[in-house]
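Single-structure report; data block below.
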Amino acid sequence: VEIAAHLKAIAGGSRGAFTQLYAELLPRMQRYATGLLAGDSGAAADAVDEAFMAIWRSAGSYTGSGNAEGWIRHIVRNKVIDALRRQKERPLASDEAMRQLEAIPDDADTPAEAAEKKDVSHELKAALARLTPDHREVVWLCYFEEKSVTEIALQVGCPENTVKTRLFHARKQLKDILLAAGKDEMIKR
Amino acid sequence: MTDNDAPDDALALLLPFYANGSLAADARAEVEAGLARSAALRAELEAVQHLKNLVQDGGAAFAATDDTATAARLEKLLARIDAEVVPAPAQPATRRSAPPAQSGFWASLLRFHWQPALAASATALVLLQTGAITYLATRESGANYGTLSGPQTAASPSAPAAAILLQFKTGARWYDIQNLMAREDLHFAGALTDGVVGVAPSTPKSAAEIAALTARLRVSPIVAFAGAAE
């Protein structure tokens, strides 16, 4: 209800409501966008901020029916899709080339950076980045945000059975990716 | 109770939602009954729970935003909002350096402040185009608008609900907009607000069809923004 009230105030031109909404939703939206973008926090920040500009411009079109946060998430998701499309336009290294690149010891790494590379977050980013965006999204929504199959189907815009099979295939792919990267300790066989 | 090594596929697909605690009571009971009789399903659940822990542990670091960065981002956004809302200041009437003294008709042409004049003409053109689009959109959707440059009041209650929000690129021609609307069987269904207008399909469509339609609109060369209106 509070988010809907903020949207109404924003539609009336309230910068205060915009600031409050931004502060309130930024951590959740930033995390959501970062998950969809496989840990690319810079691209996620850009996508989230573009989404908030779109919210400023179109808050008046929120009709009040439906979940206000879901409406905002749709806008963030669209901006993430735009970011993914831009990434797709850039030439990407092949999986094998990426693995070889990561295997090269980097003397420029500080001890902290070297430790970060071993960090589970780093490994997760690398593994998520190799999933398709569709698979990455359902993995994130189910395992991190703990959404139900109905909620995910609604947000992603596909049937519930598709959500379930995407999750199934994503888990198999993650297992293969981590095995191929020699991260046996991170998977449960 | 005997162990059956072939996990039920339908139950195996429910395991991620069993692990995240979002299953309804009846489905939960079904999964628990399956777990009780199948060792393979239990092994699957263990793998699913391991992946969930991995995503939870790794994902927790994804949104590590510090307050300073957040404040700077918000400041930038507010500056962009201000730039959109407040009209650009008028060009100063004087030049930085005085032009050389000249006389006659050609000199008067040179002295004329072409830059502000051209800017004013361009602004007028954009306003005219926006006004035309607003008028035509209004005429089709039956909504009421207070001003030529945009809506001051909400669309009439009888106006159909918008399914998709659209913003056309600056310079998009009305002819191309009409073609796109006709091709996708769309009609205007909401007020034009800050350059964003609501549209709806003329025949009812499912959520998946709306999503596919939005994706098609997003790649149109005349569309700057397309998103679900909800």
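Chains A and B supply the protein sequences, listed in that same order.
Note that our numbering has the first sequence beginning at 1, numbered continuously upward.
Note that our numbering has the second sequence beginning at 1001, numbered continuously upward.
Note that CB positions come from ideal geometry on N, CA and C, so glycine has one too.
Inset, instruction - Would you give the residue range spanned by the alpha helix (DSSP H) that P159 of chain A belongs to? - result: Unbroken run through P159 of chain A: none, as it is neither H nor E.
Inset, instruction - Determine, using beta carbons only, whether V1055 of chain B and L131 of chain A come nearer to each other than 8 Å. - result: no
Inset, instruction - Could you tell me the boundaries of the alpha helix (DSSP H) in which F1188 of chain B lies? - result: That residue, F1188 of chain B, is in no alpha helix (DSSP H); its beta strand (DSSP E) goes 1186-1188.
Inset, instruction - Specify, as a first and last residue, the run of the alpha helix (DSSP H) that P1016 of chain B falls within. - result: 1009-1019
Legend entry - Any chain A beta carbon closer than 8 Å to K1169 of chain B: So, not an interface residue.
Legend entry - Backbone secondary structure at G1104 of chain B - three-state DSSP: Residue confidence for G1104 of chain B is low, a pLDDT of 46 falling below 50, so the modelled location carries little weight; the figure read from the coordinates is stated next. It is helical.
Inset, instruction - Would you check whether the ligand COA has a heavy atom nearer than 7 Å to the C-beta of I177 of chain A? - result: With respect to the ligand COA, the structure shown offers nothing to examine, as it has no ligands at all.
Inset, instruction - Step through the CB atoms of chain B and report whether any lies within less than 8 Å of the CB of K147 of chain A. - result: yes
Inset, instruction - Could you name the residues of chain B that H6 of chain A contacts, counting a contact when the two beta carbons are closer than 9 Å? - result: Going along chain B, no residue has its Cβ under 9 Å from H6 of chain A, so there is no contact; the nearest lies around 14 Å.
Legend entry - At least 3 beta-carbon pairs within less than 8 Å: the segment 148-156 of chain A vs the segment 1017-1027 of chain B: Under the Cβ criterion (8 Å, minimum of three pairs), the segment 148-156 of chain A counts as touching the segment 1017-1027 of chain B.
Legend entry - Cβ pair L1011 of chain B, L1041 of chain B closer than 8 Å: yes
Legend entry - Where the segment 1053-1086 of chain B meets chain A: residues whose CB sits under 7 Å from a CB there: L1054, V1055, Q1056, D1057, G1058, G1059, A1061, F1062, A1063, T1065, T1070, R1073, L1074, L1077, L1078, R1080, I1081
Legend entry - Where N161 of chain A falls, given that 16 or more other Cβ within 10 Å makes a residue buried: Answer is exposed; the Cβ neighbour count stays below 16.
Inset, instruction - Return helix, strand or coil for L1165 of chain B, following the three-state DSSP convention. - result: strand
Legend entry - Inter-stretch contact (C-beta, 8 Å, three-pair minimum) for the segment 162-182 of chain A and the segment 135-143 of chain A: They touch, by the three-pair rule.
Inset, instruction - Decide if the segment 53-71 of chain A is in contact with the segment 1221-1229 of chain B; the criterion is three or more beta carbon pairs, one per stretch, under 8 Å apart. - result: Touching, per the Cβ criterion.
Inset, instruction - For E50 of chain A, count neighbouring C-beta atoms within 10 Å of its own C-beta (all shown protein chains included) and say buried if the count is 16 or more, exposed if not. - result: That one is buried.
Inset, instruction - Leaving aside the five residues before and after Q1049 of chain B along the sequence, list all residues of the same chain whose C-beta is less than 6 Å from its C-beta, in chain order. - result: A1019
Inset, instruction - Use the C-beta contact count for P1016 of chain B: other C-beta atoms within 10 angstroms, 16 or more gives buried, fewer gives exposed. - result: buried
Legend entry - C-alpha distance - V1196 of chain B paired with A1036 of chain B, whole-angstrom precision: 55 Å
Legend entry - Residues that G1034 of chain B contacts on chain A, provided the C-beta gap is smaller than 7 Å: Those within 7 Å of G1034 of chain B in chain A number zero; the least Cβ separation is about 15 Å.
Legend entry - Coarse secondary structure for T1070 of chain B, derived from DSSP in three states: DSSP places T1070 of chain B in helix when its eight states are reduced to three.
Legend entry - Residue burial classification, L7 of chain A (beta-carbon count within 10 angstroms, cutoff 16): With 16 or more other Cβ atoms within 10 Å, it is buried.
Legend entry - Status (buried if at least 16 other CB within 10 Å, exposed otherwise) for Q1178 of chain B: exposed
Inset, instruction - Helix, strand or coil for F1062 of chain B, going by three-state DSSP, please let me know. - result: coil
Legend entry - Close Cβ partners of Y190 of chain A (< 6 Å) along its chain, the five nearest in sequence each way excluded: Residue 190 of chain A is absent from the structure shown; chain A starts at 1 and stops at 189.
Inset, instruction - Count the other C-beta atoms from every protein chain shown that fall within 10 angstroms of the C-beta of V1219 of chain B, then say buried if there are 16 or more, exposed otherwise. - result: exposed
Inset, instruction - For E127 of chain A, collect the residues of the same chain with a Cβ closer than 7 Å to its Cβ; drop the 5 residues on either side in sequence, then sort them by chain order. - result: Correcting the residue type first, residue 127 of chain A is Ala in the shown sequence and not Glu. Answer for A127 of chain A: L174, I177, L178, listed in chain order.
Inset, instruction - Please report how far the alpha carbon of A43 of chain A lies from the alpha carbon of R1028 of chain B, in whole angstroms. - result: 38 Å
Legend entry - Bridge-paired residues (DSSP) for P1201 of chain B: B:L1186
Inset, instruction - Kindly list the residues whose CB is nearer than 8 Å to the CB of S65 of chain A, restricted to its own chain and excluding five residues on each side of it in sequence; keep chain order. - result: none
Inset, instruction - Show which residues of chain A have a CB atom less than 7 Å away from the CB atom of F1225 of chain B. - result: Residues of chain A passing the Cβ test: A54.
Inset, instruction - Quick one: give me the first and last residue of the beta strand (DSSP E) that V1223 of chain B is part of. - result: For V1223 of chain B, the enclosing beta strand (DSSP E) begins and ends at 1223-1228.
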